[in-house]
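Letter by letter, the sequence shown follows residues 1 to 370 in UniProt numbering.
Note that CB positions come from ideal geometry on N, CA and C, so glycine has one too.
Note that the structure is a prediction, hence the values are computed from the model and not measured.
Right, one structure below, let's go through it.
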Amino acid sequence: MSTRTLFLLPGDGIGPEAMAEVVKIIDHMNTDAGAGFVTDTGLVGGSAYDAHGAAISDADMAKAMAADAVLFGAVGGPKWDDVPYEARPEAGLLRLRKDMQLFANLRPAICYPALSAASSLKPELVEGLDILIVRELTGGVYFGEPKEIIDLGNGQKRGIDTQVYDTYEIERIAGVAFELARTRSNRVCSMEKRNVMKSGVLWNQVVTASHKEKYSDVQLDHMLADAGGMQLVRQPKQFDVIVTDNLFGDMLSDVASMLTGSLGMLPSASLGAPDETTGKRKAMYEPVHGSAPDIAGRGIANPIAMIASFAMCLRYSFNMIAEADRLEKAIANVLDQGIRTGDIMAPGARQVGTNEMGDAILAEFKALSA
Ligand code: NAD
Ligand code: IPM
Ligand code: MN
């Protein structure tokens, strides 16, 4: 039996609560289906800071690098508001993305049929919605230098962040978006702000050139990112794949989450480039939501984003397509049965906590596997 190594980083707040529901699914797959997952668990975010003064230790970083895949919960919270900037919980997540070179972040926004009324938009605007935001994850203003606050000496300070993109970074993320579009509805919309940003001008040029050279069979449109945000809430079904930079992708994916009913629904996969000899790619799977300090510790968080992130892990890291489909179907069935956490609650539905939602999805997953 082959082994599959998974490194779990539950993190802070609702991260560990959601991760516990995925662990139940992993245990079941090992016991009943001989899946051969070997798991190890580490610390990230505030919990890592409390333990050893850094948002992730070098030892856990090495384990993340060596694993077949990393499952990440969430980091952050008011408890760590005053820790040094370099050690803040979010720094652990950014280090994982940067050191593992996870440049491609896939954020699917799918409106499950049972949830079209849970969206803040009219049901007919989101019914059947299936879009994929491809967010560049290791460049742009998140990592550009200089990044600092300088004292101007006249009672004023200056905060500086730098947006930087090189041709190769744009080319490789555009390639991911075009390739994925070919497996879907074959349309890509690239979003930047070339009207005010030099990096936006280059982004537009490189995506256009790459399309012309290698992907002219795919329909390509360009949109200014602000207008893109507006179009996402005006007529979201016009989109298939959206490709955009690190910061715009962060904001647009939170916007897109509400089309699906809740931020608690959106999974993501953060992928590196395939290794030239083995073809394997480093990968981390992380819900789009954060540690939700306002509801943490109460057992009411929606674990679906985390569970659906594990489904993406099965699909992208282990090529376990049937199992991934089954897990996603289990989520859909449970929602069809009217079982809901508070964030997606609807009149007439049965409200459950994190545990019960995880158990219901596991029971359905088992039934579908039988
Ligand atoms: P958040 O995503 O934690 O929460 C935003 C809102 O959505 C809250 O009202 C929360 O209760 C709700 N929500 C989020 N996930 C939910 C779920 N699974 N079920 C039910 N409701 C859910 O964003 P925030 O409040 O802006 O940030 C809180 C902390 O999380 C900050 O420290 C931030 O930096 C961090 N953060 C971390 C990640 C990550 O670890 N990947 C992502 C985003 C934010
Ligand atoms: C996300 C989060 C992170 C980001 C933070 C926590 C660093 O908001 O994954 O969407 O901005 O990328
Ligand atoms: Mn975000």
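If you ignore the 5 residues before and after Ser190, its C-beta comes within less than 6 Å of the C-beta of Val207, His222 and Val243, all in its own chain and listed in chain order. The residue from Asp81, Leu96 and Gly45 with its alpha-carbon nearest to that of Gly11 is Gly45. Three or more Cβ pairs drawn from the stretch 84-96 and the stretch 47-66 lie within less than 8 Å of each other, which places the two stretches in contact. In this structure, the C-beta of Val233 stays at least 8 Å away from each heavy atom of ligand 3. Three or more Cβ pairs closer than 8 Å define a contact, and the stretch 330-344 meets that threshold against the stretch 296-307. Closest by C-alpha distance to Val176, out of Phe37, Ile321, Ala273 and Ile307, is Ala273. Within a 10 Å sphere around the beta-carbon of Ser210 sit 16 or more other beta-carbons, which makes this residue buried. A residue is called buried once 16 or more other Cβ atoms fall within 10 Å of its Cβ, and Thr138 is buried on that count. For the options Asp81, Gly290 and Phe248, the alpha carbon positioned closest to that of Leu263 is the one of Gly290.
The beta carbon of Leu9 sits no closer than 8 Å to any heavy atom of ligand 2.
For Leu252, the closest C-alpha among the options Gly261, Ala227 and Asp275 is that of Ala227. In terms of side-chain proximity, the C-beta atom of Ala117 is found no nearer than 8 Å to any non-hydrogen atom of ligand 1. The beta carbon of Phe318 sits closer than 8 Å to the beta carbons of Arg4, Asp68 and Ala69 from its chain, once the five residues preceding and following it are set aside; these are given in chain order. Relative to Ala174, the option among Asn105, Arg194 and Asn333 whose CA is nearest is Asn105. For Ser253, the CB falls within less than 8 Å of some heavy atom of ligand 2.
Residue state for Ala104 is assigned as strand, using DSSP reduced to three classes. Between the stretch 276-294 and the stretch 72-79, the count of C-beta pairs closer than 8 Å reaches three or more; the two stretches touch. In this structure Asp240 is buried. Its beta-carbon is surrounded by 16 or more other beta-carbon atoms within 10 angstroms. Distances from the CB of Val288 to the heavy atoms of ligand 3 include at least one below 8 Å. Rounded to whole angstroms, the gap between the alpha carbons of Ala114 and Leu247 is 31 Å. Straight through space, the alpha carbons of Gln337 and Ile170 are spaced by roughly 43 Å. Going by DSSP, Met191 is part of no alpha helix (DSSP H) but of the beta strand (DSSP E) stretching over Arg187 to Glu192.
A check of alpha carbon separations from Glu328 across Glu364, Trp203, Ser116 and Met258 identifies Glu364 as the nearest.
Set against 8 Å, the gap from the CB of Asp250 to the closest heavy atom of ligand 3 is smaller. Judged by the Cβ position, Val75 qualifies as a neighbour of ligand 2 at the 8 Å threshold, a heavy atom of the ligand being closer than this. A heavy atom of ligand 2 is found nearer than 8 Å to the CB of Tyr142.
A direct Cα-Cα distance of roughly 27 Å separates Cys313 from Met345. Distances from the CB of Gly299 to the heavy atoms of ligand 1 are all 8 Å or more. Taking 9 Å as the cut-off, the beta carbon of Gln235 is found closer than this to the beta carbon of Leu125. A distance of 9 Å or more separates the beta carbons of Glu145 and Asn355.
As for any alpha helix (DSSP H) of minimum length 4 sitting wholly inside the stretch 108-175, the runs are 123-126, ordered along the chain.
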